[in-house]
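Under the numbering used here, the sequence shown has 212 at position 150, and the numbering climbs by one with no breaks.
First the structure, in the form of structure tokens, and then the observations on it.
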Amino acid sequence: MSHLSAPIRPVGPLFKSQNDVSVRGDMWKSSDDCLQWLDSQSPGSVVYISFGSVVSLTKEQMEELGSGLLKSGMKFLWVIKPPSKKYGFGSEAPDGFVEAAESKGSLVVEWCPQEKVLAHPAVSCFVTHCGWNSSMECLSSGVLVVAFPGWGDQVTNAKFLVDVYGVGVRMKKSTDEKGEVELVKSEEVVRCIVESMKGQKAVEMKKNVLKWKKAAEEAVAEGGSSYRNIQAFVDDIQRMASDRLLSKNN
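As structure tokens, then:
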């Protein structure tokens with residue numbers, strides 16, 4: 063496409079600066095308490111659930127998700143961002159859910175450092191809306207996906223993660239007697255979580271996601287495609303500046 067416009071330099075995935083708080087711009091204050099909790103969990107034993115900064119789910123859908131997580135029997139870390147007057151996004155935890163989760167050894171928080179969580183060895187799969195950043199972070203961290211897309215590019219991202227890259231499963235919404243789409247039911251939540259954490263399919267998906275993790279690391283390493291394109295971008299800017307300076311002087 064570069065011959066049709068300015069040079070195009072694909073760069074990324076950009077996931078190496080999670081420890082540098084000076085360059086981060088989270089919309090909500092995060093806590094490292096969840097990392098301490100993860101440290102106490104067995105490797106590959108935790109389901110991480112987060113739907114990003116701007117997703118709001120209905121009370122009924124939250125109840126189905128919560129019920130499915132409890133029924134799955136797996137330990138989980140769920141980020142439930144309460145409704146914000148300032149930003150207008152968020153969801154309410156089902157009544158009594160936080161206590162029920164804690165009684166089963168799981169954890170519910172309002173926010174957390176997602177890149178650090180996904181990189182933690184205790185995390186096995188990620189229940190996500192499949193936003194672009196979350197999709198890149200799970201691939202870069204080698205974490206399996208349980209896809210729950212809502213709109214826009216989330217649907218396309220989920221399609222690639224599940225059907226093309228083979229690194230996860232997708233939760234399917236049920237339909238009523240009229241054929242109208244309703245909710246993702248708790249039974250579907252259980253099916254997807256178990257399928258992504260146990261059995262031969264989980265093993266194959268894990269092989270796939272580790273392959274993509276390696277590809278991401280190679281891309282940003284010295285000499286990799288992203289590394290070379292960043293340098294090419296810098297060279298482009300320097301060349302443009304030099305050309306403008308010469309043109310001005312002439």
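Cβ coordinates follow ideal geometry from the N, Cα and C atoms, glycine included.
Item                                                                                          : Value
N- and C-terminal bounds of the alpha helix (DSSP H) containing R306                          : S287 to N311
CB contact flag (V108, H191, <9 Å)                                                            : no
Reference L180, options S165, V116, E199 and S118, closest by Cα                              : E199
Cβ neighbour criterion (16 or more within 10 Å) applied to N311                               : exposed
Cβ-based neighbour list, R253, same chain, cut-off 7 Å, excluding 5 preceding and 5 following : none
Cα-Cα separation between V117 and L308, rounded to whole angstroms                            : 50 Å
Limits of the beta strand (DSSP E) - the one that S112 falls within                           : V108 to S112
Buried or exposed by the 16-neighbour rule on C-beta atoms within 10 Å, applied to W36        : Nothing can be reported for residue 36: it is not among the residues displayed for the chain, which extend from 63 to 312.
T190 (DSSP reduced to helix, strand or coil)                                                  : strand
Reduced DSSP secondary structure (H/G/I, E/B, other) of L245                                  : coil
Burial state of Q98, where buried means 16 or more other Cβ atoms lie within 10 Å             : exposed
Own chain, CB closer than 8 Å to S196, minus 5 neighbours either side, in chain order         : S112, G114, Q176, F188 and T190
Whole-angstrom distance between E161 and V246, CA atom to CA atom                             : 23 Å
Secondary structure of A184, DSSP reduced to three states                                     : coil
Assigned secondary structure, F210 (DSSP; H/G/I helix, E/B strand, else coil)                 : coil
Candidates S153, D101, K166 and L272: closest to M124 by CA position                          : S153
Three CB pairs or more closer than 8 Å across the segment 220–233 and the segment 200–212     : yes
Sub-9 Å separation of L100 and F138 beta-carbons                                              : no
Span separating the alpha-carbon of G261 from that of E126                                    : 24 Å
Strand pairing of K137, partner residues [DSSP]                                               : V108
Under 9 Å between C-beta atoms of V73 and N291                                                : yes
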